[in-house]
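In our numbering, the protein residues as written are -6 to 63.
Glycine is no exception: its CB is placed at the ideal position from the N, C-alpha and C atoms.
Step one of this worksheet: look at the structure below.
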């Protein structure tokens, strides 16, 4: 199992994946907004989305687990 974490604190602007969806390495899965900038968060390896731990509008801290992959 692989965990995709936030690389900085910010608000979840957009969730781009859903549970059961296949993702490829480098594919954006979440877009955070911090200091009026959009920061895409990408999958580090191929997998299937097992869990989405956040919702649009949530605030996350650095290293919070956003998405889990199988």
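For residue 40, the closest of 33, 14, 28 and 27 by C-alpha to C-alpha distance is 14. Taking a C-beta distance under 8 Å as the contact criterion, residue -6 and residue 43 qualify as a contact pair. With respect to the 8 Å criterion, residue 57 and residue 35 are not classified as neighbours on the basis of their beta carbons. In the DSSP assignment, residue 63 forms no beta bridge with any residue. Under the DSSP assignment, residue 31 falls in the beta strand (DSSP E) whose first and last residues are 30 to 35.
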